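**Q** Heads up: the sequence lines are chains A and B, in that order.
Number 374 marks the last residue of the first sequence (my numbering); no jumps.
Number 285 marks the last residue of the second sequence (my numbering); no jumps.
Using N, Cα and C, we set each Cβ at its ideal position, and we do this for glycine too.
Quantities reported herein were computed from a predicted structural model and do not represent experimental measurements.
The structure follows.
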Amino acid sequence: MDLFGDYTLRLVALGSAILGATSGALGSFAYLRRQSLLGDAVSHAALPGIVLAFMLTGSKVPLVLMVGAGLAGWVGTLAVQLVVRRSRVPYDSALGIVLAVFFGAGLVLLTHLQKLPNAAQAGLESFLFGQAASLLKRDVVTMAVLGAAALVVLILLWKEFKVLSFDPDFAASLGLPVRRLDGLLTLLLVVAIVIGLQTVGVVLMSAMIVAPGAAARQWSRRLAPMVLIAAAIGIFSGITGSIFSSYIPRLPTGPTIVLVLSAIFLASLFMAPQRGLLWRSLRFGVLRTAPDLDPVLMRLFALSRQHPDDPEHGHSVAVIQTMSPPEAKVVAALERLADRGLAQRTAGGRWAPTPIGRREARRILDREAGEGS
Amino acid sequence: MNERENWALEVEDLTVAYADKPVLWDIDLQVPKGVKMAIIGPNGAGKSTLVKAAMGLIKPVAGEVRIFGEPRDGAEGQIAYVPQRTTLSWDFPTDVIDVVTMGTYGRVGWFRRCGATEKAEAMAALEQVGMADFARRPIAALSGGQQQRVLLARALVQDAPIYILDEPFQGVDAPTERAIIEVLDDLADAGKTIIVVHHDLQTIPEYFDAVLLLNVRAIDSGPVEEVFTEENLRLTFGGRVGVLAASGAGEV
Numbered sequence: 002m003d004l005f006g007d008y009t010l011r012l013v014a015l016g017s018a019i020l021g022a023t024s025g026a027l028g029s030f031a032y033l034r035r036q037s038l039l040g041d042a043v044s045h046a047a048l049p050g051i052v053l054a055f056m057l058t059g060s061k062v063p064l065v066l067m068v069g070a071g072l073a074g075w076v077g078t079l080a081v082q083l084v085v086r087r088s089r090v091p092y093d094s095a096l097g098i099v100l101a102v103f104f105g106a107g108l109v110l111l112t113h114l115q116k117l118p119n120a121a122q123a124g125l126e127s128f129l130f131g132q133a134a135s136l137l138k139r140d141v142v143t144m145a146v147l148g149a150a151a152l153v154v155l156i157l158l159w160k161e162f163k164v165l166s167f168d169p170d171f172a173a174s175l176g177l178p179v180r181r182l183d184g185l186l187t188l189l190l191v192v193a194i195v196i197g198l199q200t201v202g203v204v205l206m207s208a209m210i211v212a213p214g215a216a217a218r219q220w221s222r223r224l225a226p227m228v229l230i231a232a233a234i235g236i237f238s239g240i241t242g243s244i245f246s247s248y249i250p251r252l253p254t255g256p257t258i259v260l261v262l263s264a265i266f267l268a269s270l271f272m273a274p275q276r277g278l279l280w281r282s283l284r285f286g287v288l289r290t291a292p293d294l295d296p297v298l299m300r301l302f303a304l305s306r307q308h309p310d311d312p313e314h315g316h317s318v319a320v321i322q323t324m325s326p327p328e329a330k331v332v333a334a335l336e337r338l339a340d341r342g343l344a345q346r347t348a349g350g351r352w353a354p355t356p357i358g359r360r361e362a363r364r365i366l367d368r369e370a371g372e373g374s
Numbered sequence: 034m035n036e037r038e039n040w041a042l043e044v045e046d047l048t049v050a051y052a053d054k055p056v057l058w059d060i061d062l063q064v065p066k067g068v069k070m071a072i073i074g075p076n077g078a079g080k081s082t083l084v085k086a087a088m089g090l091i092k093p094v095a096g097e098v099r100i101f102g103e104p105r106d107g108a109e110g111q112i113a114y115v116p117q118r119t120t121l122s123w124d125f126p127t128d129v130i131d132v133v134t135m136g137t138y139g140r141v142g143w144f145r146r147c148g149a150t151e152k153a154e155a156m157a158a159l160e161q162v163g164m165a166d167f168a169r170r171p172i173a174a175l176s177g178g179q180q181q182r183v184l185l186a187r188a189l190v191q192d193a194p195i196y197i198l199d200e201p202f203q204g205v206d207a208p209t210e211r212a213i214i215e216v217l218d219d220l221a222d223a224g225k226t227i228i229v230v231h232h233d234l235q236t237i238p239e240y241f242d243a244v245l246l247l248n249v250r251a252i253d254s255g256p257v258e259e260v261f262t263e264e265n266l267r268l269t270f271g272g273r274v275g276v277l278a279a280s281g282a283g284e285v
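As structure tokens, then:
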């Protein structure tokens, strides 16, 4: 099957890949700086900008609408800062207020425009949920140029943005112009959002900003791999979503991309090594849910170490009871350890740790040693 | 003017307010070159605010800061800063050597990448704080004491004439506390000026040779043997000074 023989699909997939790469890379920084909600506010705030840009120019050229969207998004971030600085309203509430006010204004303008006897405005409402099928070659070229510019700036100022995101006070103490860098990084985020509005729409765009970074964080321990993986996840979601919606009738592209992305995010959350929920529950969960079992397992482990040749050598309950505080319910604890596969009964009603139990005990020792130093 | 140059850090009439409420009130402070000075005071006294304002991280309502006699503007690179460990997000995806290398960003310059020289400097600093074996460890896997040593190593890499540390001993283990003290002594021997926001009054006479007692206003500052007195402590900490009388502070 020639997937990319279809001109429209090729264009849509390319556009979606570009938007996935930029929003994944820049969204990673928003995620690390705990600014995920800012992306949401900016994308909603872009709507009145799009409508106003059209009303003022009568043009639907993507660059014109993107500039309108970008300016409105930028004004939105300034409004958030103004509200925070001039009032006692906290940051998240300020974001919510700005999001609602700008988005509401955008809807009002859009409704007003649709009542006018002018066919030229048709299609602007597609910016709500995106309409990838409407992408033209010039749109994709504009997206590519803007996206490339944003990524080049990101690469050039990589170390500055990194230290800004990790420790802004330290960055300022180095003499870096922290406020300007912060503004520039926010501007790049606005660019990444604007690129995606035509395809994904103002409502769902925030998912494209947050999810790739959040998913990539599960798989990476350093910043560069995280940003690359986030961009790759964005690209993969964009292309896969485009293909699905192209072959399944009446499946909208933007929401499909977001669904693919969500699936990747959920899978990462569960399955990633080190940080994934599944891995963590395998690693710690067995014992973490029952901290009172730890001491009994440790005693069992200590006893088994006295018989290095025969680790399955059993010990009687009485011995473990002697090692424990008098009120300890050793038998019950041993049975629950056995339920979890950490301890086993040996001949004559004695007890020994299982190989898994010994491994768990060693991990507990390591963990305690790590916390101590 | 000559006298001014003997002061590493000079703060004049500094007032800082948050939401119109003054947190620092008309602070005057002279820190002579080469001293180890502790800043002490109760919670909310404005200790962290003072060091941040001195570095220009916070805009004061009024007042001036001079570094070696020069106005603070343009004096970047003169102060190596160790922020409070607990204010940072240690879940950030990076490793120890990368954080320490951040200390070189000021002199590496725009658009340039850190190379072998910077990595070597970072390794030497890790060596100095006893963390060389942890260079490739993700920072999310560090204990509190290890985090503190990493931040100190990052400041060492800056090789600045003035070091400002905000609560470096808070919540760290005894070996880390000793390691930090050794490094600070080495820095003092090398002629650096050291300013430490500190909370353990017992160790002041042992670790420092000058002290600033702060409680929104500067109560007193100067050599430990002159100003670290029971009366000054009472003025600074109010009624809560009872615990301190036994620390030996009253004998001087």
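List the residues of chain A whose Cβ lies closer than 9 Å to the Cβ of D128/B, in chain order.
**A** Counting from one through the second sequence, the residue named residue 128/B turns up at place 95. Under the 9 Å cutoff, chain A gives R222, R223.
**Q** So if I threshold CB-CB distances at 7 Å, which residues from the segment 102-114 of chain B count as touching chain A?
**A** E109, G110, I112, Y114
**Q** Tell whether a beta-carbon distance below 8 Å holds between G74/B and L247/B.
**A** Taking the first residue of the second sequence as position 1, residue 74/B is located at position 41. Taking the first residue of the second sequence as position 1, residue 247/B is located at position 214. A contact, by the Cβ cut-off of 8 Å.
**Q** Which residues mark the beginning and the end of the beta strand (DSSP E) in which K116/A is found?
**A** Translated into the one-based positions of the first sequence, residue 116/A becomes position 115. It is not in any beta strand (DSSP E) - K116/A carries neither H nor E in the DSSP assignment.
**Q** Three-state secondary structure (DSSP) at W143/B?
**A** Locating residue 143/B in the second sequence gives position 110, where the first residue counts as 1. Reduced to three states, the DSSP call for W143/B is coil.
**Q** Given a limit of 9 Å on CB to CB distance, which residues of the segment 139-167 of chain A reach chain B?
**A** L157, L158, W159, K160, E161, K163, V164, S166, F167
**Q** Interface residues of chain B around G176/A at Cβ under 7 Å?
**A** Mapped onto the first sequence, residue 176/A falls at position 175. Here the neighbours are E109, G110, G139.
**Q** Following the continuous beta strand (DSSP E) through K69/B, name the residue where it begins and the one where it ends.
**A** Within the second sequence, the letter at position 36 stands for residue 69/B. Start and end: 69-73.
**Q** With 16 other CB atoms within 10 Å as the buried threshold, where does V230/B fall?
**A** Indexing the second sequence from 1 puts residue 230/B at position 197. Classification for V230/B: buried.
**Q** Count the other CB atoms, across all protein chains shown, that sit within 10 Å of the CB of R289/A; report buried if there are 16 or more and exposed otherwise.
**A** In the first sequence, counting from the first residue as 1, residue 289/A sits at position 288. At R289/A, the pLDDT of 45 sits below 50, so the modelled position is not reliable; the number obtained from the coordinates is stated separately. So R289/A counts as exposed.
**Q** Using beta carbons (cut-off 8 Å, strictly below), is L33/A in contact with chain B?
**A** Counting from one through the first sequence, the residue named residue 33/A turns up at place 32. Yes, L33/A lies at the interface with chain B (some Cβ there is under 8 Å from its Cβ).
**Q** The beta strand (DSSP E) that contains V64/B, what's its start and end?
**A** The sequence position of residue 64/B within the second sequence is 31, counting from 1. Segment 54-65, the beta strand (DSSP E) holding V64/B.
**Q** Taking the beta carbon of Y196/B as the centre, do at least 16 other beta carbons fall within 10 Å, making it buried, or is it exposed?
**A** What you label residue 196/B is simply residue 163 of the second sequence in a count that begins at 1. Counting Cβ neighbours within 10 Å, Y196/B comes out buried, since at least 16 surround it.
**Q** Rounded C-beta distance between G28/A and A233/A? I'm assuming under 8 Å.
**A** Within the first sequence, the letter at position 27 stands for residue 28/A. Within the first sequence, the letter at position 232 stands for residue 233/A. So it is not a contact: roughly 13 Å between Cβ atoms.
**Q** For a quick check, are the C-beta atoms of Q63/B and W123/B less than 8 Å apart?
**A** Start at 1 with the first residue of the second sequence, and residue 63/B comes out as number 30. Start at 1 with the first residue of the second sequence, and residue 123/B comes out as number 90. Contact check for Q63/B against W123/B fails: the beta carbons are separated by 8 Å or more.
**Q** At the 8 Å Cβ level, is R218/A part of the contact set with chain D, yes or no?
**A** Chain labels in this structure do not include chain D; the protein chains are A and B.
**Q** Check the Cβ of F261/B against every Cβ in chain A and list those closer than 7 Å, keeping chain order.
**A** Counting from 1 along the second sequence, the entry for residue 261/B is found at position 228. Chain A residues near F261/B: none, gap ~28 Å exceeds 7 Å.
**Q** Do I51/A and I196/A have their C-beta atoms within less than 8 Å of each other?
**A** Mapped onto the first sequence, residue 51/A falls at position 50. Mapped onto the first sequence, residue 196/A falls at position 195. Not closer than 8 Å, so no.
**Q** Comparing C-alpha positions only, which one of M156/B, V84/B, D192/B, V141/B sits nearest to V183/B?
**A** Taking the second sequence and counting its residues from 1, one reaches residue 183/B at position 150. Relative to the Cα of V183/B, the nearest Cα in the group M156/B, V84/B, D192/B, V141/B belongs to M156/B.
**Q** Just to confirm, is the Cβ distance from S174/A to M70/B under 8 Å?
**A** Mapped onto the first sequence, residue 174/A falls at position 173. Mapped onto the second sequence, residue 70/B falls at position 37. No. Outside cutoff.
**Q** Reducing DSSP to helix, strand and coil, say where D367/A ends up.
**A** What you label residue 367/A is simply residue 366 of the first sequence in a count that begins at 1. It is helical.
**Q** Return the Cβ separation of A46/A and L100/A in integer angstroms, given the expectation that the two are a contact with Cβ distance under 8 Å.
**A** Numbered from 1 along the first sequence, position 45 holds the residue referred to as residue 46/A. Numbered from 1 along the first sequence, position 99 holds the residue referred to as residue 100/A. A46/A to L100/A, Cβ: 7 Å. Contact.
**Q** Below 6 Å CB to CB, which residues in the same chain sit around A73/A once its five sequence neighbours on both sides are set aside?
**A** Residue numbering aside, residue 73/A sits at position 72 when the first sequence is read from its first letter. Here the set comprises A46, A47, P49, G50.
**Q** For G25/A, count neighbouring Cβ atoms within 10 angstroms of its own Cβ and tell me buried if that reaches 16, exposed if not.
**A** Along the first sequence, one-based indexing puts residue 25/A at 24. So G25/A ends up on the buried side.
**Q** In three-state terms, what does DSSP make of H403/A?
**A** Any property of residue 403/A remains undetermined from this structure, which presents chain A solely from 2 to 374.
**Q** Do we get a CB-CB distance below 8 Å when we pair P171/B with the residues of chain A?
**A** Taking the first residue of the second sequence as position 1, residue 171/B is located at position 138. In terms of beta-carbon proximity, P171/B lines the interface with chain A, with at least one pair separated by less than 8 Å.
**Q** List, in order along the chain, the chain B residues whose C-beta lies closer than 8 Å to that of D170/A?
**A** Locating residue 170/A in the first sequence gives position 169, where the first residue counts as 1. Per Cβ cutoff of 8 Å: K85, L90, Y114, P116, T120.
**Q** Give a yes or no on whether 8 Å exceeds the smallest Cβ distance from R289/A to chain B.
**A** Numbered from 1 along the first sequence, position 288 holds the residue referred to as residue 289/A. Interpretation of R289/A is limited by its pLDDT of 45, a score under 50 that renders its predicted location unreliable; the figure taken from the coordinates is listed afterwards. No, no contact with chain B.
**Q** Which residues share a DSSP beta bridge with Q345/A?
**A** In the first sequence, counting from the first residue as 1, residue 345/A sits at position 344. Q345/A is bridged to A353/A.
**Q** Give the DSSP bridge partners of Y138/B, in chain order.
**A** Here the question's residue 138/B lines up with position 105 in the second sequence. Looking at the DSSP assignment, Y138/B forms no beta bridge with any residue, so it has no partner.
**Q** Using only the alpha-carbon positions, how far apart do A193/B and A273/A sit?
**A** Residue 193/B sits at position 160 when you count from the first residue of the second sequence. Residue 273/A sits at position 272 when you count from the first residue of the first sequence. So the alpha carbons of these two residues sit roughly 42 Å apart.
**Q** Less than 8 Å between CB atoms is the rule here; does V49/B satisfy it with respect to chain A?
**A** Numbered from its first residue, the second sequence carries residue 49/B at position 16. With 8 Å as the cut-off, V49/B does not count as an interface residue toward chain A.
**Q** Under 8 Å Cβ to Cβ from D46/B, same chain only, skipping five residues before and after it: list those, please.
**A** Residue numbering aside, residue 46/B sits at position 13 when the second sequence is read from its first letter. Setting aside the 5 residues that flank it on each side, D46/B is surrounded in the same chain by D59, I60, D61, A95, G96, E97, each with a C-beta closer than 8 Å to its C-beta; the list follows chain order.
**Q** Is it buried or exposed for I194/A, if we count other Cβ within 10 angstroms and need 16 for buried?
**A** Along the first sequence, one-based indexing puts residue 194/A at 193. Buried, by the Cβ-count rule.
**Q** Would F125/B count as contacting chain A if we go by Cβ distances under 8 Å?
**A** Here residue 125/B corresponds to residue number 92 of the second sequence, with the count starting at 1. By this cut-off, F125/B is an interface position.
**Q** Less than 6 Å between C-beta atoms, sequence neighbours within five positions excluded: which residues of the same chain meet that for Q322/A?
**A** As a first step, residue 322/A must be located in the first sequence, where it is residue number 321. Taken in chain order, the residues that qualify are V331.
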